[in-house]
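Below is one structure, written out as structure tokens; comments come after it.
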Amino acid sequence: MNYENRKLAVNAFEKAYGTSLGLRVFFAPGRVNLIGEHIDYNGGFVLPCALSLGTYAAVRLRSDSLFCFYSDNFADEKIVECDLNDLKLIEGKTFANYPIAVLLALKDNGYSIEKGLNIAYYGNLPINSGLSSSASIEVLTAYICKVLFRLDLDNITLAKICQQAENKYIGVNCGIMDQFTIVMGKADHAIFLNTATLEYEYVPVNFTDSNITLVISQTNKKRTLADSKYNERFVSCQKEKAMYNVENLCDLPSLPVDASKIVRHIVTENQRTIKAKEALENNDFELLGKLMNESHKSLKEDYEVTGIELDTLVETAQRQKGVLGSRMTGAGFGGCTVSLVKSENVDSFIKNVGDVYREKMGFRADFLSVNIGKGPCEV
Ligand code: GLA
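In structure tokens, the structure reads:
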């Protein structure tokens with residue numbers, strides 16, 4: 001598997017730069033969040049996993065100060081260049097702004113990079129679908145710089161720098177969940193992360209032994225305003241936090257009687273995530289599924305980040321045979337859902353949910369059965 005993907009990254013490099021000599025190839029995963037949504041910027045607990053799908057990059061050092069970026073997933077953009085001596089974002093929309101944002105954030109943190117690179121990315125993660133393809137390319141780029149330029153950079157600092165890249169340069173006020181999960185991912189484990197303190201625990205995920213498959217369903221909805229809507233929720237939480245005079249909304253010890261819908265989601269989602277971690281530890285997948293269903297309801301009715309596409313996928317999924325739980329995952333506003341499905345029912349799940357979705361929405365959903373993978377590495 002890795003070998004094939006390595007080859008695809010090398011092919012991409014060859015296509016862009018005309019040679020495949022002397023390359024090194026690196027990988028960083030995507031992530032799926034099991035539960036704990038929109039609370040990583042409120043100091044809450046989250047329970048995400050890294051995926052075995054992700055982004056690969058074939059890389060070669062240059063002797064000058066130019067960084068050249070090519071992505072097989074955005075092949076029409078050709079090669080995007082950026083000089084280390086004049087580091088700035090490219091005007092307009094380009095995938096290359098994610099790695100450039102990372103170079104800028106590394107520089108802000110005093111990490112100096114002297115030489116340029118030719119990089120070709122190839123990802124097998126659906127792009128812009130809520131599985132963190134952007135955090136994957138960010139972490140991958142930072143990891144490549146760490147290895148090739150021998151930066152004294154521990155994993156958690158690396159995750160924080162990638163989050164800063166996203167906050168300061170991409171302009172999304174995201175929490176640390178995605179970058180942290182991608183850096184710290186461990187095969188067949190979820191990460192129970194306290195986003196206020198960054199203390200974390202690996203929780204074994206025994207889905208396969210219990211014949212359960214983790215199925216991702218993609219809405220295929222264009223997420224044009226997702227970033228601005230995300231930032232709106234962030235601002236609402238900041239205002240609520242100031243009203244309650246707490247450092248983080250998740251510090252509220254219980255649900256205030258007069259809580260707004262926003263606060264109700266944040267407080268109850270945090271409580272559900274703590275219960276879900278225990279359920280996962282006890283292999284109580286019925287309970288985990290129930291908490292996932294409740295999480296979706298809260299994201300739909302209280303936090304209002306779902307929409308007809310996600311609701312159709314989730315509510316249809318929840319009615320299928322062999323489904324223990326289903327919810328939107330990631331930022332929402334489109335993107336994808338995650339469902340716990342008994343393995344023997346996966347085929348009928350995909351057929352039935354796919355049919356209902358296409359009938360209702362007029363376009364198709366895509367489905368992926370995924371495995372929980374590890375963090376970045378050289379392949
Ligand atoms: C996006 C952000 C994360 C997190 C999720 C919602 O993926 O990047 O920090 O807030 O949305 O849980």
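In my numbering, the protein residues as written are 1 to 379.
We put the CB at the ideal spot given by N, CA and C, even for glycine.
Along the chain, where does the alpha helix (DSSP H) containing residue i start, and where does it finish?
| i | result |
| --- | --- |
| residue 15 | 2 to 17 |
| residue 108 | 97 to 108 |
| residue 40 | Per DSSP, residue 40 belongs to no alpha helix (DSSP H) and is neither H nor E. |
| residue 347 | 346 to 361 |
| residue 134 | 133 to 148 |
| residue 158 | 155 to 164 |
Can you list, in chain order, the residues of its chain whose CB lies under 8 Å from that of residue i, leaving out five sequence neighbours each side?
| i | result |
| --- | --- |
| residue 352 | 316, 320 |
| residue 348 | 320, 321, 322 |
| residue 66 | 81, 82, 83, 84, 116 |
| residue 370 | 32, 51, 52, 53, 214, 215, 216 |
Between residue i and residue j, what straight-line distance do the alpha-carbon atoms span, to the nearest angstrom?
| i | j | result |
| --- | --- | --- |
| residue 290 | residue 283 | 13 Å |
| residue 4 | residue 51 | 17 Å |
| residue 202 | residue 156 | 15 Å |
| residue 91 | residue 99 | 14 Å |
| residue 20 | residue 14 | 5 Å |
| residue 286 | residue 45 | 20 Å |
| residue 9 | residue 318 | 38 Å |
| residue 58 | residue 116 | 14 Å |
| residue 142 | residue 103 | 8 Å |
| residue 94 | residue 77 | 8 Å |
| residue 268 | residue 240 | 15 Å |
| residue 226 | residue 304 | 12 Å |
| residue 456 | residue 127 | Because residue 456 is not part of the residues shown, which for the chain are 1 to 379, the question remains open. |
| residue 209 | residue 229 | 39 Å |
| residue 135 | residue 30 | 8 Å |
| residue 272 | residue 56 | 34 Å |
Residues in its own chain within less than 7 Å of residue i by CB, not counting five upstream and five downstream?
| i | result |
| --- | --- |
| residue 363 | 220 |
| residue 109 | 161 |
| residue 360 | 312 |
| residue 309 | 219, 221, 334, 361 |
| residue 204 | 188, 189 |
What does residue i pair with, by DSSP beta-bridge criteria?
| i | result |
| --- | --- |
| residue 54 | 29 |
| residue 209 | Beta-bridge pairing links residue 209 to no other residue. |
| residue 173 | For residue 173, which the question treats as bridged, DSSP gives no partner whatsoever. |
| residue 204 | 189 |
| residue 120 | 58, 70 |
| residue 379 | Answer is none; residue 379 lacks a bridge partner. |
Keeping to the same chain, check which residues put their C-beta closer than 6 Å to that of residue i; ignore five residues upstream and five downstream.
| i | result |
| --- | --- |
| residue 378 | 26 |
| residue 276 | 35, 47, 288, 291 |
| residue 206 | 283 |
Within the continuous beta strand (DSSP E) that includes residue i, where are the two ends?
| i | result |
| --- | --- |
| residue 111 | Premise fails: residue 111 is in no beta strand (DSSP E) and is neither H nor E. |
| residue 81 | 80 to 83 |
| residue 370 | 366 to 370 |
| residue 71 | 66 to 71 |
**OP:** Go through the region 286 to 341 residue by residue and report every complete run of the beta strand (DSSP E) that reaches 3 residues or more, in order.
**Re:** 323 to 329
Subject >> Completely contained beta strand (DSSP E) runs for the region 212 to 277, where each covers 3 or more residues >> reply: 212 to 218
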